[in-house]
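In the working numbering, the protein residues as written are 604 to 1279. The beta carbon of each residue, even a glycine, is placed where N, CA and C say it ideally should be. Some notes on the structure that comes next.
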RNA sequence: GGCGUGGUAGCUCAGCCGGUAAGAGCGUCGGAUUCAUAACCCGGAGGUCGAGGGUUCAAGUCCCUCCCACGCUACCA
């Protein structure tokens, strides 16, 4: 193990608040790991911050009619605060809008530029003359060529999900001025990731202890072959390209965001009064760099950022990237736009942080997607925190208080069971430790809870309520052992339940959590005093979680009806425009699934006067057998288009319902009949 | 369609390189108990380890095919 550890967790994007999915993906595991290693006495820092550049933030700002600054200011301060409330213990929470970040990113860009790694390429891009700016894909609106939705964005149509490029749009307009954009050439810097292919492959193949899902994803990218990746954009929101010919351009957000980890570390060092200290964490081979992220970030942290660091030369590479999968909510995918999410600030307004730290910790999506449900949350709190842990502590402390005047009894002439049970403390400690060190946090939590189970079993087996009268010394031994277990738990549970364990230590007369290596079966001195027990974990009533579930459903329903907008009518056309369409009745003679496509069916249609081949994106809804023989309506004078190597001659008309399902327009007219 | 990851008791999941591992927690049923937040403790039931083939003396554990979920990727005239 290295001398010191640098932990980073994914920089949350500053255009929205934090929800449970974020926590489960990166921040909670990162915090558990950091708190554990800190107890171990490791030199470790946990760095994070807000990612404040990129197009979505400028879009959010426009939507609200405010400046991007207002957006990032709101979410940066909000998110920073909510992390604090939840007990995510960052050493520094920075932001990519800082001056330090600007300098750091520019330095790194320049260094690579001087090394001559970047290639420059000219591209054609849409340009808004009135606004005098190039339009990012998201800033171009127009009619979706696939479904006809008039408000499609240049990168994607939100109606049908098509991914588009801005030049695909019919009648594109600038989202800023509403003008029709022109096509203009622009020049950008690219990092030729292909040149890093072998180095990256070799590096990743050496990572035997990485999670299979992470390795798999990386290999998938590497096997596919890496291409050039733009590191600059035409935009006015971001880190300016520090070159004279780069005027009006900024660094691509995915180039500068990971550098945010470095800049935040620099700011941390400055704040500590040791401005050079950051180098120890970023440039010393004795440091282990660990990135905590969600699976959507793997390519950036395992391919792009390492390539940048490799090329730069002064930096260490990540030792591990324990990316998590996704968290579902009540059996459905999280969706902020559909209102299907639990926001952290709302949670904290009603519940204590430790309950969620535990409940979420036991279901972290470490190896596959997992599901958070309020019923499960309730069960974890009630039957594990309250019944197992809380009850063990409470029965121990209250028994001591009632029958031993709150004095810790001595251990006299211990039985084999007493000694074996005491030994379990260090045995469990070792297991827990190994789990943490291999990033198996669920296991770590379960093993920690297991010690409380051991305590309960021992308590019941030794029956102190009987020995109290028959043999007080045996009774004292039992309580001594149980109190020692409680004391050990107050440190072993520290990474997971920091607030509750501080409360417990107070009851036991302990101040600080004990350093991990000093956790023994002898943390309490016989003769010492404990305070009267107070209940650590209250149970959660059915009604309380039912309310949460209802709240979730109501919000989702509301948003559902609120967003159920009928497509606005397209602009009026005259009769000639309509007459230009030649729609004909046709009969489907044959249909087959296109081998390499998920959506396309290759359909042969009889139009009476001729037989045509038409490709149609309906394979997800209809199987070929279902549609043969159907009499459909066909746009017959549509220009041919080649897709997947096959030419399509026309379009089969479909109705699309609100769920996105497709329905045929059928006709009883014979093939070839005009439809007017 | 290609690539990646996963599909193990009602639920959430462990099971590394094939050989006493078919397991844990929750839930359920039964028993015991009263120090304790109707908690704790003990025991039972429950799985042809996604489906079908194959390799092997021996397969959740290796190979092939297929099905399902999630992610990345191409594709909706």
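Handout entry: the segment 732 to 739 / the segment 896 to 907 touching (three or more Cβ pairs under 8 Å)
Key = no
Practice task
Kindly give me the distance between the Cβ atoms of residue 835 and residue 792, rounded to whole angstroms, as I take these residues to be in contact under 8 Å.
Solution key: 5 Å
Practice task
Tell me whether residue 672 sits in a helix, a strand or coil according to DSSP, three-state version.
Solution key: helix
Practice task
Determine, using beta carbons only, whether residue 1209 and residue 1274 come nearer to each other than 8 Å.
Solution key: Against a cut-off of 8 Å, the Cβ pair of residue 1274 and residue 1209 comes out as a contact.
Problem - Pairwise C-alpha distance: residue 629 and residue 1265 - result: 39 Å
Practice task
In the DSSP assignment, find the unbroken alpha helix (DSSP H) run with residue 638 in it and report its ends.
Solution key: 631 to 642
Practice task
To the nearest angstrom, report how far apart residue 965 and residue 1149 are at their CA atoms.
Solution key: 21 Å
Exercise for the section: State whether the segment 1116 to 1128 contacts the segment 643 to 663, with contact taken as three or more CB pairs (one from each stretch) at a distance under 8 Å. Expected result: yes
Handout entry: Those residues which DSSP pairs with residue 831 across a bridge
Key = According to DSSP, which records beta bridges pairwise, residue 831 is partnered with 795.
Practice task
Check whether the Cβ atoms of residue 937 and residue 943 lie closer than 8 Å to each other.
Solution key: yes
Exercise for the section: Mind checking who residue 895 pairs with in its DSSP beta bridge? Expected result: 612
Problem - Which of helix, strand or coil DSSP assigns to residue 581 - result: Residue coverage of the chain in this structure runs from 604 to 1279, which leaves residue 581 outside it and unanswerable.
Problem - Beta bridge counterpart(s) of residue 1257 as assigned by DSSP - result: 1267
Exercise for the section: Go through its chain and collect everything with a Cβ distance to residue 1138's Cβ below 7 Å, but skip five positions before and after it. Expected result: Same-chain partners within the cutoff: 993, 997.
Exercise for the section: Could you name the residues that DSSP lists as bridge partners for residue 943? Expected result: 938
Exercise for the section: Tell me whether residue 957 counts as near the ligand SAH, meaning its Cβ is closer than 7 Å to at least one heavy atom of that ligand. Expected result: With respect to small molecules bound, the structure shown includes none, and the ligand SAH cannot be examined in it.
Handout entry: Inter-stretch contact at 8 Å, needing at least 3 Cβ pairs: the segment 1082 to 1100 / the segment 951 to 966
Key = yes
Handout entry: Within 8 Å, strictly: CB atoms of residue 1257 and residue 1241
Key = no
Problem - Run of the beta strand (DSSP E) containing residue 652, from where it starts to where it stops - result: 646 to 653
Problem - residue 928, buried or exposed, once every other Cβ within 10 Å from all chains shown has been counted against 16 - result: buried
Practice task
Spatial neighbours of residue 657 within its chain, please: CB distance less than 6 Å, with the 5 preceding and 5 following residues excluded, ordered by chain position.
Solution key: 856
Practice task
Determine, using beta carbons only, whether residue 1081 and residue 894 come nearer to each other than 8 Å.
Solution key: With respect to residue 894, residue 1081 sits apart: the two C-beta atoms are not nearer than 8 Å.
Exercise for the section: Would you check if the distance between the CB atom of residue 1110 and the CB atom of residue 1133 is smaller than 8 Å? Expected result: Yes, these two residues count as a Cβ contact at 8 Å.
Practice task
Go through its chain and collect everything with a Cβ distance to residue 1006's Cβ below 7 Å, but skip five positions before and after it.
Solution key: 1071
Practice task
Measuring alpha carbon to alpha carbon, tell me which of 1196, 908, 1125, 800 ends up nearest residue 1220.
Solution key: 1196
Problem - Option nearest residue 740 by Cα separation, candidates 703, 714, 813, 662 - result: 662
Practice task
State the Cα-Cα distance for the pair residue 970 and residue 1045, rounded to the nearest angstrom.
Solution key: 11 Å
Handout entry: Range of the contiguous beta strand (DSSP E) that encloses residue 962
Key = Residue 962 -> not in any beta strand (DSSP E); alpha helix (DSSP H) instead, spanning 956 to 964.
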